[in-house]
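A.B. asks: In our numbering, the protein residues as written are -15 to 132. Where is the CB? At the ideal position from N, CA and C, for every residue including glycine.
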Amino acid sequence: MKKIGVLVLFFCLTTTHLLSLTNAAKHKSKGHHHSPKYEPSGTHAILTVNNFARGGDGGGAAECDGKFHPLPQRVVALSSGWYNHGVRCGRMIKIKARNGRSTVAKVVDECDTKHGCKNNIVDASETVWKDLRLNTNDGEVPVTWIML
């Protein structure tokens, strides 16, 4: 009787493990991505540039407030995981570049990972780039950010 119990337990554990691997493969193949864990001491990210004004490359109005945010506003969109269904909407973040400069910006939008955004992006207005003394032509620059 013990052998049957052990075999049943082994079968259940093996089946559960195989199902979890199958589900993980399904999610990976559908392009689901998770942002790196937020670190209060500084979360590593890639800074990209976006135009949040009407007619800008950001597309429609910002997800958080349904408004456009023209220059010189200091605003950002966060990757879906960090955006977290709008939990950070309206909150201020501090962004620090490798050159030692930092600035503060308001979270107004999501950089949707289901529609091509990488999972570690802080998509920022040109004013943020200027404050950090970075060249927007670089396209992507490593930074760290924290919530204020």
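(1) Residues in its own chain within less than 8 Å of GLN57 by CB, not counting five upstream and five downstream?
(2) Just curious, the beta strand (DSSP E) that VAL112 is in, first and last residue?
(3) For the alpha helix (DSSP H) containing LEU64, list its first residue and its last residue.
(4) Quick check: what's the CA-CA separation for ARG38 versus SER86?
(5) Look at ASN34 and ASP96 and say whether their C-beta atoms are less than 7 Å apart.
(6) State the DSSP-derived secondary structure class of HIS18, mapped to helix, strand or coil.
(7) For PRO126 and ARG82, which I take to be in contact (beta-carbon distance under 8 Å), what is that distance rounded to the nearest angstrom?
(8) For ASP122 and TRP113, what's the separation of their Cα atoms in angstroms?
(9) Among LEU118, THR128, ASP115, which has the Cα closest to the Cα of ILE105?
(10) For VAL88, tell me which candidate among TYR67, SER63, ASP115, ASN103 has the shortest Cα-Cα distance.
(11) Give the straight-line distance between the Cα atoms of LEU31 and ASN103, rounded to the nearest whole angstrom.
(12) Which residues in the same chain as LYS78 place their Cβ atom closer than 7 Å to its Cβ, once the five residues preceding and following it in sequence are excluded?
(13) In the structure shown, what three-state DSSP assignment does LEU132 receive?
C.D. replies: In short, the structure shows the following:
(1) Taking the first residue of the sequence shown as 1, we reach residue 57 at position 73. So the qualifying residues of the chain are PHE36, LYS90, SER109, THR111.
(2) Residue 112 sits at position 128 when you count from the first residue of the sequence shown. That residue, VAL112, is in no beta strand (DSSP E); its alpha helix (DSSP H) goes 110 to 115.
(3) Position 80 of the sequence shown, counted from the start, is the residue given in the question as residue 64. Note that residue 64 is Ser in the sequence shown here, rather than Leu. Where SER64 is concerned, the enclosing alpha helix (DSSP H) stretches over 64 to 67.
(4) Numbered from its first residue, the sequence shown carries residue 38 at position 54. Numbered from its first residue, the sequence shown carries residue 86 at position 102. One C-alpha to the other measures close to 27 Å.
(5) Walking along the sequence shown from the start, residue 34 turns up at place 50. Walking along the sequence shown from the start, residue 96 turns up at place 112. With contacts defined by Cβ atoms closer than 7 Å, ASN34 and ASP96 do not form a contacting pair.
(6) Working through the sequence shown from its first residue, we reach residue 18 at position 34. In the three-state reduction of the DSSP assignment, HIS18 falls in the coil class, being assigned neither a helical nor a strand state.
(7) Mapped onto the sequence shown, residue 126 falls at position 142. Mapped onto the sequence shown, residue 82 falls at position 98. Contact flag correct, Cβ pair sits at about 6 Å.
(8) Counting from 1 along the sequence shown, the entry for residue 122 is found at position 138. Counting from 1 along the sequence shown, the entry for residue 113 is found at position 129. Spanning the two alpha carbons is a distance of roughly 11 Å.
(9) Along the sequence shown, one-based indexing puts residue 105 at 121. In terms of CA proximity to ILE105, THR128 leads the group LEU118, THR128, ASP115.
(10) One-based indexing of the sequence shown puts residue 88 at position 104. Looking at the Cα atoms, ASP115 is the closest of the given residues.
(11) The residue given as residue 31 occupies position 47 in the sequence shown. The residue given as residue 103 occupies position 119 in the sequence shown. If you draw a straight line from the Cα of LEU31 to the Cα of ASN103, it is about 12 Å long.
(12) As a working note, residue 78 is residue 94 in the sequence shown. Only SER86, VAL88, TRP129, ILE130, LEU132 meet the Cβ criterion.
(13) Counting from one through the sequence shown, the residue named residue 132 turns up at place 148. Residue state, collapsed to three classes: coil.
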